[in-house]
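K.L.:
I have a structure I would like to understand better, so I am pasting it below and will then ask my questions one at a time.
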Amino acid sequence: MARAFTPKVITANDLIAGDVIYQTADDRWSRDLAEAELITDEAHAQLRLLDAVRQASKVVGAYLADVRPGPNGPEPVHFREDFRRTGPSNYAHGKQETSPQPRA
Amino acid sequence: MYRYSEFDTAFLAARNAQFRAQVERRIDGSLTEDEFKPLRLMNGLYLQLHAYMLRVAIPYGTLNSAQMRKLAYLAETWDKGYGHFTTRQNIQYNWPKLSDVPDMLDALAEVGLHAIQTSGNTIRNVTADHFAGAAADEVADPRPYAELLRQWSTDHPEFQFMPRKFKIAITGSANDRAVIKAHDIGLQLVERDGVLGARVIVGGGLGRTPMIGQELSPFVSFDDLLAYLEATVSVWNQIGRRDNKYKARIKITVFEHGIDAIRAKVNERFLKVRGQFKGADMALLDRIKAHFAPPEFVQNGQSGFEDAYRTDNIFRSWVDTNIAAHKRDDHAIVTISLKAHGATPGDATAEQMRVMADLAECYAYDELRISHEQNVILPHVPRAHLHAIFKALQENGLSTANIGLISDIIACPGMDYCALATARSIPVAQQIATRFEELKLEHEIGALKIKISGCINACGHHHVGHIGILGLDRAGVENYQITLGGDATETATIGERTGPGFAYDQIVPAIERIVETYLDQRLDREESFIETYRRVGMAPFKAALYPEARADAA
Ligand code: SF4
């Protein structure tokens, strides 16, 4: 039996700034994971990924990342995604400069 | 130091213009990322976790003050006000925008710096002993040869698409400070019957399969060296494995074929290519050498030093820890620590870079070096100026007296920046340094090298740390493996694993137990950590790290 599909978001890096971005349900790219479209269906995930990959002049390296639903939107499952949504731990640079995101 | 010829300058300008056009075509959508990626990598531009990263080469780790000031200028104009010096004598900028990178490269070109061959399957930035030209123990300054190698390998048509990247390190001294045995090729300058040449080591490397390099030849005279190296690289280029990225480095080729077979093939190839060199390289070397002529040293450079040394305790401690012997008694080599306790190893702010540039210009014949240990060096300092230099460093957070001690940690960027990382390394380094500073044990512990990598690629050289730490991802949690007994010098050794790894919040206590064990086991203060480890072996350290295992066995 195929493994059950776990919830995902589509994430990438912005072409110019290089920072981490997330695809929203209304087809924007947000800097904030909480705004990302929570995808719970595998076929839909593949379609959305195709949409993302097609936007080559805006985004780089789009992929599906595991998340779990939380009260304020998707939450990262893996620590790598937690760092990506926050920024480095040695300086308050990256997303921490603009929107403080508590580490899980 | 080496000054660019007109040819170099034109080459760099053309190369930068070409990349600028490529960036424009990427931004307007006419190049896909798949097409653009190899082009940006050829120009040192990576995409990391949170942003692009530009890696700038500092050939053989040598800079003048104008170059250092330019690095500072880049940091504050296009980055977040700092830069990160790496274990390969490069500087990395962690936050550039893609659209700014062409301007950054043009700015660098104004002072003869660039990002070429800091990435990709090419011959990378040739690294050298950071004390080159100044060390009391060297046969000759290795940098002219490093520069010759740089010119030979840059854009060499045969070496643009090799099985894998290729790293060369060179030292002029038997005391190896350039980790030559952990490079694809390591060169040690030696003199034989009055003739200068090099001992050639091949097949070293860290990463997934760490190996200590082996001697390919005990002596190749200089006029044959380029031909010999070309033969070595082309033998590998021909028989090296392209089927598997992890088996592509020359260390695997040497391992699979054996050093004797490789030597035979190199010798055969050498005889074929030797004729093509016809001494042109030696004429070039002579021209290059002129650029590396030692400065005109002031006489009696020590006056006034003794008084300051006697009266200022903090200065004395810094001198005792951060100063190395210069080939002239009245001069010294100063290592400026970029490892303030709790700071990110290898980071310097734009302001600090400027201070170091000013000090070099004012007091130290305008020369700076970057070490693979992520510190900055003033290679030629009249002792008379040491106190003034120390005072200026003190005012700028640069006077930490910890060179070679437990807090002088090499740490790669790890998962705070690097897209390949499996765990963080910077905060581990910060916490270890802070902890031992709290304990006030650092000077009591003495010489001890901790090296940390955030994945098996081993940019943090963990295999050759006296204590090595490797960050891994174990079932979705950061986990840190420890190795002991590694050595990065002429007695290079790969460290041995202690056993199961430690969680992120357990790694600092684990290091503390190792250090306590050392303090407990050592014969006296004279016996360093690595000497104690070699004498008593792994057992007492294991017992301290894994008390439960001992209980089970009892
Ligand atoms: S060792 Fe790994 S994590 Fe560290 S810089 Fe190298 S590739 Fe990145």
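These protein sequences, in sequence, are chains A and B. Start counting the first sequence at 1; every next residue gets the next number (full-length UniProt numbering). Start counting the second sequence at 1; every next residue gets the next number (full-length UniProt numbering). Glycine is no exception: its CB is placed at the ideal position from the N, C-alpha and C atoms. Quick caveat, the model's predicted, so the values are computed rather than measured.
At least one CB of chain A closer than 7 Å to the CB of Tyr52/B: is that the case?
P.N.:
yes
K.L.:
Whole angstroms is fine: what's the gap from Arg55/B's alpha carbon to Ile333/B's?
P.N.:
Between the alpha carbons of Arg55/B and Ile333/B lies a distance of about 27 Å.
K.L.:
Taking one C-beta from the stretch 106 to 114 of chain B and one from the stretch 43 to 59 of chain B each time, how about it: are there three or more such pairs within less than 8 Å?
P.N.:
yes
K.L.:
Going by DSSP in three states, Pro102/A sits in which element: helix, strand or coil?
P.N.:
Confidence in Pro102/A is poor, its pLDDT being 44 and thus under 50, which makes the residue's placement unreliable; the coordinate value appears in the next sentence. Three-state result, Pro102/A: coil.
K.L.:
With a threshold of 6 Å on Cβ separation, who are the neighbours of Arg84/A within its own chain once the five nearest residues in sequence on each side are excluded?
P.N.:
Counting only Cβ-Cβ distances below 6 Å, and skipping sequence neighbours, we find Val20.
K.L.:
Starting from Gly83/B, follow its DSSP beta bridges and name the residues at the other end.
P.N.:
Ala348/B
K.L.:
Within the 7 Å Cβ cut-off, does Pro88/A reach chain B?
P.N.:
True, the Cβ-Cβ gap to chain B drops below 7 Å.
K.L.:
I'd like to know if Leu472/B contacts chain A, where contact means its C-beta is closer than 7 Å to some C-beta of that chain.
P.N.:
no
K.L.:
Which residues count as close to ligand 1 when the rule is a CB under 6 Å from any of its heavy atoms, in chain order?
P.N.:
Cys412/B, Pro413/B, Gly414/B, Cys418/B, Leu420/B, Ala421/B, Ser453/B, Gly454/B, Cys455/B, Asn457/B, Ala458/B, Cys459/B and Gly460/B
K.L.:
Does DSSP put Lys451/B in a helix, a strand or coil?
P.N.:
strand
K.L.:
Would you identify the three-state DSSP class for residue 556/B, choosing helix, strand or coil?
P.N.:
Past the boundaries of the shown model lies residue 556/B; chain B is included only from 1 to 554, so the question cannot be answered.
K.L.:
Looking only at its own chain, which residues have a Cβ that is under 8 Å from the Cβ of Gln276/B, when we skip the five neighbours before and after it?
P.N.:
Ala227
K.L.:
Look at the Cβ atom of Gly73/A, then the Cβ atom of Asn13/A, and state whether they are nearer than 7 Å.
P.N.:
No.
K.L.:
Once DSSP output is grouped into helix, strand and coil, what is the label at residue 562/B?
P.N.:
The first residue shown for chain B is 1 and the last is 554, placing residue 562/B beyond what the model contains.
K.L.:
What does the alpha-carbon distance come out to for the pair Pro294/B and Glu33/B?
P.N.:
Each residue's alpha carbon lies about 46 Å from the other.
K.L.:
What's the call for Ser337/B, buried or exposed, on a 16-neighbour Cβ count within 10 Å?
P.N.:
buried
K.L.:
Going by DSSP in three states, Ala4/A sits in which element: helix, strand or coil?
P.N.:
In the structure shown, Ala4/A sits in coil (DSSP, three-state: anything other than H, G, I, E or B).
K.L.:
Got a sec? Which residues, its chain only, sit under 6 Å from Ala34/A by beta carbon, not counting five neighbours each side?
P.N.:
Asn72 and Gly73
K.L.:
Return the Cβ separation of Ala198/B and Gln214/B in integer angstroms, given the expectation that the two are a contact with Cβ distance under 8 Å.
P.N.:
Between Gln214/B and Ala198/B the Cβ distance is about 15 Å, and since that is not below 8 Å, they are no contact.
K.L.:
Assuming the contact rule is C-beta atoms closer than 8 Å, Thr209/B and Ile252/B should be a hit. Round their C-beta distance to whole Å, please.
P.N.:
7 Å
K.L.:
Mind listing the chain A neighbours of Pro427/B? Cutoff is C-beta to C-beta under 7 Å, in chain order.
P.N.:
Ser89 and Asn90
K.L.:
Measure the Cβ-Cβ separation of Trp95/B and Ala51/B and say whether it is below 7 Å.
P.N.:
yes
K.L.:
Does Ala554/B come within less than 7 Å of chain A when only Cβ atoms are used?
P.N.:
In this predicted model, Ala554/B has a pLDDT of only 48, less than 50, meaning its place in the structure is not dependable; the value taken from the coordinates is given anyway. Answer no: the Cβ-Cβ gap between Ala554/B and chain A never drops below 7 Å.
K.L.:
Do Phe159/B and Ser153/B count as a contact pair if the criterion is CB distance below 7 Å?
P.N.:
yes
K.L.:
Start and end of the alpha helix (DSSP H) containing Met68/B?
P.N.:
Ser65 to Trp78
K.L.:
What residues from chain A crowd round Leu98/B, counting only those whose CB sits closer than 7 Å?
P.N.:
Leu15, Ile16 and Gly18
K.L.:
Can you tell me whether Gln160/B is helix, strand or coil according to DSSP?
P.N.:
coil
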